[in-house]
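See below for the structure under consideration.
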Amino acid sequence: ARPAPAHKSMPKARGGKARLGVESNDTCCLICLDPQPQSALFSAALPPGSAGPSSAAAGCGHVACAECMQSYLQSALPAGAQQWSAPGPPCFDAPGGCIGRISGDLAAALLSPQHDDTDNATAAAPDADAATDATVTAAAAAADAADADAAAFADLAATDLECRGFASLPVSAAASEAAARAFAAARLAFDGLEAGPPPLGGRTTDSANASGSHRAGALSSYNACREGFVFSNGDSYGVDGVPEFEPATIALLSAASAAARSLFAALERQMQLPAGWFEACFGPLADHSQWHLKRYCPEAAPPHATTADGRRVMLPVHSDPSLLSLVLHDAPGRQPGGLGLECMVGGAAGGAAAAWEPVAEHGHGVATVLVGALLDRITGGRYRAARHRVVAEPSAHASAARVAATFFFRPAPAALLRRA
Numbered sequence: 021a022r023p024a025p026a027h028k029s030m031p032k033a034r035g036g037k038a039r040l041g042v043e044s045n046d047t048c049c050l051i052c053l054d055p056q057p058q059s060a061l062f063s064a065a066l067p068p069g070s071a072g073p074s075s076a077a078a079g080c081g082h083v084a085c086a087e088c089m090q091s092y093l094q095s096a097l098p099a100g101a102q103q104w105s106a107p108g109p110p111c112f113d114a115p116g117g118c119i120g121r122i123s124g125d126l127a128a129a130l131l132s133p134q135h136d137d138t139d140n141a142t143a144a145a146p147d148a149d150a151a152t153d154a155t156v157t158a159a160a161a162a163a164d165a166a167d168a169d170a171a172a173f174a175d176l177a178a179t180d181l182e183c184r185g186f187a188s189l190p191v192s193a194a195a196s197e198a199a200a201r202a203f204a205a206a207r208l209a210f211d212g213l214e215a216g217p218p219p220l221g222g223r224t225t226d227s228a229n230a231s232g233s234h235r236a237g238a239l240s241s242y243n244a245c246r247e248g249f250v251f252s253n254g255d256s257y258g259v260d261g262v263p264e265f266e267p268a269t270i271a272l273l274s275a276a277s278a279a280a281r282s283l284f285a286a287l288e289r290q291m292q293l294p295a296g297w298f299e300a301c302f303g304p305l306a307d308h309s310q311w312h313l314k315r316y317c318p319e320a321a322p323p324h325a326t327t328a329d330g331r332r333v334m335l336p337v338h339s340d341p342s343l344l345s346l347v348l349h350d351a352p353g354r355q356p357g358g359l360g361l362e363c364m365v366g367g368a369a370g371g372a373a374a375a376w377e378p379v380a381e382h383g384h385g386v387a388t389v390l391v392g393a394l395l396d397r398i399t400g401g402r403y404r405a406a407r408h409r410v411v412a413e414p415s416a417h418a419s420a421a422r423v424a425a426t427f428f429f430r431p432a433p434a435a436l437l438r439r440a
């Protein structure tokens, strides 16, 4: 199950129905969506035939017909298990996700040759075609749930972007796995930077469209404390001795681009723009993005570049020349804080004084989203560009461990900026 963000309940779709399946007082199977009498429906942690609204509080309320439940137990779960999670979407108000569990007794009854999905008396096991159809239906339902989750998380992030200029965006399990693989490959490749891909600028003198590698201190003050790899306009390349580097970085760009599309779709909904407006106006954004996969070197920080409280600045204050930027950090799951990444809040005329705020989370499972200068420009300041910096953490280990992938989603070079 995919839990909702801890600070907000997941929204429901238009019309009041939950994002997947049916309302808790409907009597439809959540997998095949066929109406069924209550006596033919089963709910995790509840006895057969009691899946109506009066008993929803006693269990998770995710109901399925016997045929779908049989297929779920037969095709999706390990043999010999004594308890299974319910085959339904998350309970949106339960912090730990779905609370339903299918007991071994209920599973045994459903899989018994004597069970019938109509009168609970006698039945034959579903044939292979029925089992396959149910599995396909369940997979489609899971995919729909993932899409709905991505849209809901993006809508929440878009609201934060309008209010603050930055937001946290939980990413899919597939994106989290892609990040873990790419970071693992990058850590193997960092030590071979000088012997690896061509130095940045080796393919072009235009740094905005360059691909390659660089050591700390190269090119500009923005790279004084960081080194690694740069990819422009969908480019990819390999690293000698690290065969997984190229396929892993390609997969990470694809995952980040999917997350960005969900964000742009959320902005289109928020601004009441036609679906696909951003890519229609500015071109396929993934084809024109630039992204970095870099590690930080706190020991290279200039001694004079310090904050008011004495911390060294590893990346100077700036806003990005993009529509949106996404930052992923190398850490498992979702961890508190941003490993030194801070955004400026306040400072507007008549508002609170400007202050620096650490981003809330980092890790493979969550992206930090930053409004870029171009989105600020085309929306007339409705979405304010996020001014941000990276400072050395009090823990030297935390600063040295900072490895980040930053994606700058920007218009095609020939695209004309237009007001949103």
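For the sequence shown, the residue numbers in the numbering used here are 21 to 440. The beta carbon of each residue, even a glycine, is placed where N, CA and C say it ideally should be. Just so we're clear, the structure is a prediction, and the values are computed from it rather than from any experiment.
Chain-order list of residues whose beta-carbon lies under 7 Å from that of residue i (same chain, five-residue window excluded)
i, result
"residue 282", "170, 171, 174"
"residue 440", "291, 293, 398, 399"
"residue 375", "365, 366"
"residue 272", "198, 199, 202, 425"
"residue 19", "Nothing can be reported for residue 19, as the shown portion of the chain is limited to 21 through 440."
"residue 208", "262"
"residue 404", "185, 391, 396"
"residue 279", "189, 191, 195, 346, 387"
"residue 435", "301, 302, 303"
"residue 258", "265, 266"
"residue 322", "244"
"residue 352", "383, 384"
Cβ neighbours of residue i in the same chain (closer than 8 Å, five flanking residues each side left out)
i, result
"residue 300", "294"
"residue 178", "187, 283, 286, 287, 289, 290"
"residue 215", "Its pLDDT being 49, under 50, residue 215 is placed unreliably by the model, and nothing is read from it."
"residue 373", "366, 367"
"residue 182", "290, 402, 403"
Nearest neighbour of residue i, chosen from the options [CA to CA]
i, options, result
"residue 331", "345, 263, 83, 412", "412"
"residue 251", "231, 261, 236", "231"
"residue 384", "52, 405, 358, 255", "358"
"residue 62", "86, 324, 350, 373", "86"
"residue 245", "423, 180, 228", "423"
"residue 362", "168, 93, 382", "382"
"residue 338", "407, 433, 352", "407"
"residue 236", "277, 181, 319", "319"
"residue 355", "343, 268, 378", "378"
"residue 311", "84, 401, 210, 344", "344"
"residue 249", "305, 315, 52", "315"
"residue 402", "168, 180, 380", "180"
"residue 253", "211, 297, 306", "306"
"residue 421", "269, 210, 324", "210"
"residue 193", "276, 317, 183", "276"
"residue 349", "325, 329, 380, 328", "380"
"residue 433", "269, 327, 229, 157", "229"
"residue 204", "389, 168, 269, 183", "269"
Same chain only: Cβ atoms within 6 Å of residue i, ignoring 5 sequence neighbours per side
i, result
"residue 341", "393"
"residue 255", "231"
"residue 410", "334, 335, 360, 361"
"residue 437", "398"
"residue 325", "333"
"residue 297", "288"
Assumed close pair residue i, residue j - CB separation to whole angstroms, cut-off 8 Å
i, j, result
"residue 176", "residue 386", "Incorrect: roughly 12 Å between the Cβ atoms, too far for contact."
"residue 213", "residue 233", "5 Å"
"residue 166", "residue 313", "About 25 Å; that fails the 8 Å criterion."
"residue 274", "residue 336", "Wrong, their Cβ atoms sit about 31 Å apart, outside the cutoff."
"residue 157", "residue 52", "6 Å"
For residue i: DSSP bridge partner residues
i, result
"residue 62", "84"
"residue 381", "356"
"residue 442", "A query on residue 442 cannot be resolved here, the shown segment of the chain reaching from 21 to 440 and no further."
"residue 181", "DSSP output for residue 181 lists no bridge partner at all."
"residue 343", "Answer by DSSP bridge pairing: none, since residue 343 is not bridged."
"residue 206", "None, per the DSSP bridge assignment."
"residue 186", "390"
"residue 49", "In the DSSP output, where bridge partners are listed per residue, residue 49 has none listed."
"residue 348", "425"
"residue 55", "48"
Contact test: residue i Cβ vs the ligand MG heavy atom, cutoff 6 Å
i, result
"residue 178", "Inclusion of the ligand MG in the displayed structure is not the case, the ligand content being empty and no account of it being possible."
Cutoff 7 Å: residue i Cβ touching any chain B Cβ
i, result
"residue 439", "No chain B appears in the structure shown, which is made up of a single protein chain."
Secondary structure, beta strand (DSSP E): runs of 3+ residues fully inside the stretch 398-436 = 408-411, 423-429
Identify every run of the beta strand (DSSP E) within the stretch 224-281, keeping only runs that are complete inside it and at least 3 residues long; order them along the chain.
-> 232-234, 246-252
Residue ranges of each beta strand (DSSP E) run of no fewer than 3 residues wholly in the stretch 276-336, ordered along the chain?
-> 310-316
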